[in-house]
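**Q** First residue of the sequence shown? That's 1 in full-length UniProt numbering, and the numbers climb one at a time after it.
Below is one structure. I have some questions about it.
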Amino acid sequence: MNLKVWFVLPFLLSITFTLVAGHVDTVQVASPAMNRTVKCVVITPDRYASAPADRFPVVYLLHGFGGSHRDWIGNLPELATYADRYGIIIACPDAQNSWYLDSPINPVMRYETFMTTELIPYLDTQYRTLADRQHRAITGLSMGGHGALYLAVRHRDLYSQAGSLSGGVDFRPFPGNWEIKGLLGEEPANQAVWDKNVVINVIESLQTGELRLMIDCGTDDFFTTVNRNLHQKLLQRNIAHDYVERPGGHTWDYWRNNIESHLLFFRNGFPR
Numbered sequence: 001m002n003l004k005v006w007f008v009l010p011f012l013l014s015i016t017f018t019l020v021a022g023h024v025d026t027v028q029v030a031s032p033a034m035n036r037t038v039k040c041v042v043i044t045p046d047r048y049a050s051a052p053a054d055r056f057p058v059v060y061l062l063h064g065f066g067g068s069h070r071d072w073i074g075n076l077p078e079l080a081t082y083a084d085r086y087g088i089i090i091a092c093p094d095a096q097n098s099w100y101l102d103s104p105i106n107p108v109m110r111y112e113t114f115m116t117t118e119l120i121p122y123l124d125t126q127y128r129t130l131a132d133r134q135h136r137a138i139t140g141l142s143m144g145g146h147g148a149l150y151l152a153v154r155h156r157d158l159y160s161q162a163g164s165l166s167g168g169v170d171f172r173p174f175p176g177n178w179e180i181k182g183l184l185g186e187e188p189a190n191q192a193v194w195d196k197n198v199v200i201n202v203i204e205s206l207q208t209g210e211l212r213l214m215i216d217c218g219t220d221d222f223f224t225t226v227n228r229n230l231h232q233k234l235l236q237r238n239i240a241h242d243y244v245e246r247p248g249g250h251t252w253d254y255w256r257n258n259i260e261s262h263l264l265f266f267r268n269g270f271p272r
């Protein structure tokens, strides 16, 4: 009798998981700015189908260098369950290795324009979003952590909350890495451009209360120092924010274990 219970229980749990998991789409979003289409994974909660009158907040979830729109859902299928748990739409766009910038030297890398003037209007038109800044948040890992803070601070009219996981919030200590010079030019000859495009400098325009911020980084991450520097600068400027260091490195184990804390943070910040 006991054996039957143990065999049936996992089966029932698997049925429960399937019933509450959100729906995953991959869409093609036109980008006139770059003269091409951009893929984006969109995860809608189960209630999206069962409650057709409801509208939902959106969390934009950004991939890192070398990644794609499939990174998050491929490495963390539980995202569909999180969409249900927190009643949100999750959007994961492909951004190549753009650092989510508009490159001044490469006209096919205009991902700040894409994210702010093309992707958001597309989702707000094609999905039942709550289409205002109070119901829009953005976070990401590594390059995506930089992108999330960079875009949110520069476009506070679009986002009310932002986060960063292991974010490259100041890439100037790594001038030869991650194709940044292909976006901004060689650093010595283009120092002002580099300085203008790092998060740690972008935040100088930010006032406390304009954005809810959550920043975290592993204690064994090569970006730990630049995240600590960002934390200190935010403190010096009296910018309210949540800052967390947890054991771990620049790995999917770290990101898988900690992304849900960002989603909970955002859910608590959305208007009820």
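Ideal placement from N, C-alpha and C gives every residue a C-beta, glycine not left out.
Looking at the unbroken alpha helix (DSSP H) that takes in Y122, where does it start and where does it end?
**A** 120-126
**Q** What's the C-alpha gap between N257 and P107?
**A** 37 Å
**Q** Is S31 helix, strand or coil when you go by DSSP?
**A** strand
**Q** Just verifying my parser: in three-state terms, what is the DSSP assignment at A164?
**A** Reading the sequence as shown, one finds Ser at residue 164 and not Ala. In this structure, S164 counts as strand in the three-state DSSP scheme.
**Q** Nearest-angstrom Cα distance between F56 and I89?
**A** The alpha-carbon of F56 is positioned some 6 Å away from that of I89.
**Q** Decide if the segment 117-130 is in contact with the segment 36-52; the criterion is three or more beta carbon pairs, one per stretch, under 8 Å apart.
**A** yes
**Q** Out of P104, D242, V202, G249, which one is the CA nearest neighbour of G224?
**A** A small correction: the amino acid at residue 224 is Thr; Gly does not occupy that position in the sequence shown. Of the candidates P104, D242, V202, G249, the one whose C-alpha sits nearest the C-alpha of T224 is G249.
**Q** Quick one: give me the first and last residue of the alpha helix (DSSP H) that R154 is part of.
**A** For R154, the enclosing alpha helix (DSSP H) starts and ends at 143-154.
**Q** With 8 Å as the threshold, decide whether the Cβ of V42 is near any Cβ in chain E.
**A** This model lacks chain E altogether, as it is built from one protein chain only.
**Q** Along the alpha helix (DSSP H) that carries L184, what are the first and last residues, could you check?
**A** 180-184
**Q** Tell me whether I105 is buried or exposed, calling it buried when 16 or more other Cβ atoms sit within 10 Å of its Cβ.
**A** exposed
**Q** So R69 and L165 are supposed to be a Cβ contact under 8 Å. How far apart are they, rounded?
**A** According to the sequence as given, residue 69 is His; it is not Arg. Actually they are not in contact, since the Cβ atoms of H69 and L165 sit about 17 Å apart, beyond 8 Å.
**Q** Pull up the distance between the alpha-carbon of R85 and that of G67, whole angstroms please.
**A** 26 Å
**Q** Give me the Cα-Cα distance between H158 and H63, rounded to the nearest whole angstrom.
**A** Position check: residue 158 holds Leu in this sequence, whereas His was assumed. Taking the straight line joining both Cα atoms gives about 20 Å.
**Q** How is E112 classed by DSSP in three states: helix, strand or coil?
**A** The answer is helix: DSSP assigns E112 an H, G or I state.
**Q** What runs of the beta strand (DSSP E), each 3 residues or longer, lie entirely inside the segment 58-84?
**A** Correct list: 58-62.
**Q** Whole angstroms is fine: what's the gap from F266's alpha carbon to R36's?
**A** 31 Å
**Q** To the nearest angstrom, how far is the alpha carbon of W252 from that of C217?
**A** 12 Å
**Q** Using alpha carbons as the reference points, say which of D102, D195, R156, D46 lies closest to R172.
**A** D195
**Q** Would you mind stating whether A152 and L235 have Cβ atoms separated by less than 8 Å?
**A** no
**Q** Kindly indicate the opening and closing residues of the beta strand (DSSP E) around E245.
**A** 242-246
**Q** Where DSSP assigns a beta bridge to K39, which residues make up the other side?
**A** Q28
**Q** Using C-beta distances below 6 Å, list every residue in its chain close to R128, excluding the 5 sequence neighbours before and after it, in chain order.
**A** R55
**Q** Please identify the residue among Y82, F65, T81, L61 whose C-alpha is closest to the C-alpha of W72.
**A** L61
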